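**Student:** In our numbering, each residue carries its 1-based index in the sequence shown increased by 876. Glycine residues also receive a C-beta, built at the ideal position from the N, C-alpha and C atoms. Keep in mind that this is a model prediction, so the values were computed, not measured.
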Amino acid sequence: MSEIGMRSDVQSVLAQMKLLQAQAQAELRPPVEETTKPGPASDSFATLLRSATDSVNELQQASGDLSTRFAKGETSDLVSVMVASQKASVAFQGLVHTRNQLVNAYQEIMNMAI
877 MSEIGMRSDV QSVLAQMKLL QAQAQAELRP PVEETTKPGP ASDSFATLLR SATDSVNELQ
937 QASGDLSTRF AKGETSDLVS VMVASQKASV AFQGLVHTRN QLVNAYQEIM NMAI
């Protein structure tokens, strides 16, 4: 094979390699998404936190109501009373854990040097 023929083959292979490299890099890049500004339709952090707190409160109240009804003898379904109590307990523990994490994050931010 002549030197010119080998050179064109090498150039062809290099061009294919560059094309494959560009395709691989394009696949690795995450798609560019437009950032959205919070508007009236989107929930703010405070709204989400309030909603979570309200749902935990509702579970606590429902558990208390079932316990009271069971203690008065209005219902004999101990299983539903215990399930409601455990749901309320787990939800409350999750809320306390979230609160602790938020307090830790706040303290860490406040201790950062400016």
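Where Gln977 and Ala928 are concerned, what is the direct C-alpha to C-alpha distance, given to the nearest angstrom?
**Tutor:** If I take the Cα positions, the gap works out to 15 Å.
**Student:** By Cβ distance, which residues of its chain are closer than 6 Å to Phe946, with the 5 residues on each side in sequence left out?
**Tutor:** Cβ within range, chain order: Val957.
**Student:** Counting pairs of Cβ atoms below 8 Å between the region 955-974 and the region 930-938, do you hit three or more?
**Tutor:** A contact exists between the region 955-974 and the region 930-938.
**Student:** Rounded to whole angstroms, what's the CA-CA distance from Gln936 to Val979? Just pull it up for me.
**Tutor:** Taking the straight line joining both Cα atoms gives about 23 Å.
**Student:** Could you check which residue in Ala960, Val972, Ala922 has the C-alpha nearest to that of Gly940?
**Tutor:** Selected option, being the one with the closest Cα: Ala960.
**Student:** Spatial neighbours of Arg926 within its chain, please: CB distance less than 6 Å, with the 5 preceding and 5 following residues excluded, ordered by chain position.
**Tutor:** Taken in chain order, the list of residues that qualify is empty.
**Student:** Would you identify the three-state DSSP class for Thr951, choosing helix, strand or coil?
**Tutor:** Coil at Thr951, not helix or strand.
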